[in-house]
Amino acid sequence: MTKIYRRIIVNFRWFIGLGLFLNFMTFWAMPIGVQGQLWKLGITRTLLPIYTFFDENKWCRAFANKFVYSKEVYSDFFALSVGLTLSTFASFATVLYHQVKYDHVPLWMIYAYYFMWVGLGGRGMGGAYTLTHKE
1 MTKIYRRIIV NFRWFIGLGL FLNFMTFWAM PIGVQGQLWK LGITRTLLPI
51 YTFFDENKWC RAFANKFVYS KEVYSDFFAL SVGLTLSTFA SFATVLYHQV
101 KYDHVPLWMI YAYYFMWVGL GGRGMGGAYT LTHKE
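Here is the structure:
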């Protein structure tokens, strides 16, 4: 490998890393920080019982076990899958509708979309990660 080729590869990787860092700091850091703090500062007491109700609901698990999944162990993911799917479709449809109707998406809506992806307490981001790597 020549020195010029190696330098091009190093500069390319540095440029990609800088772009990813700027993307994270611009769009992801604030939703993660704000919603994480809201979760820790008290929303836990309100939302955790609701999340627990859906996560541990025997009817949902039985339905998922019978009609959706081939293995019983995967029925744990059913409530998370439905919630994440509905949330994603609703937020993406809202952004898409606004784009088609007004020919632009305002910055506040972009941030709202990222806030949705993170979710309170990281539930959306964690759910997407879990479904990607477990199901």
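The sequence shown begins at 1 in our numbering and counts up one residue at a time.
Glycine included, every Cβ here is placed at the ideal spot set by N, Cα and C.
- Helix or strand or just coil, what does DSSP make of Glu72? Under the three-state reduction of DSSP output, Glu72 falls in the helix class.
- Query: Who are the near neighbours of Gly121 in its chain, counting only those whose CB is closer than 6 Å to its CB and skipping five residues on each side?
  - Reply: For Gly121, same chain residues with a beta-carbon under 6 Å away, outside a window of 5 residues either side, are Trp39 in chain order.
- Item | Alpha-carbon spacing of Ser136 relative to Thr52, whole angstroms | Limits of the chain in this structure are 1 at one end and 135 at the other, which puts residue 136 out of reach.
- Query: If we ignore side chains and look at the alpha-carbon of each, how far apart do Thr155 and Ser91 end up?
  - Reply: Residue 155 cannot be examined here, being either before or after the span of the chain that is shown, 1 to 135.
- Message: For Tyr74 and Asn11, I'd like the C-alpha separation in whole angstroms.
- Response: Tyr74 and Asn11 have their C-alpha atoms spaced approximately 44 Å apart.
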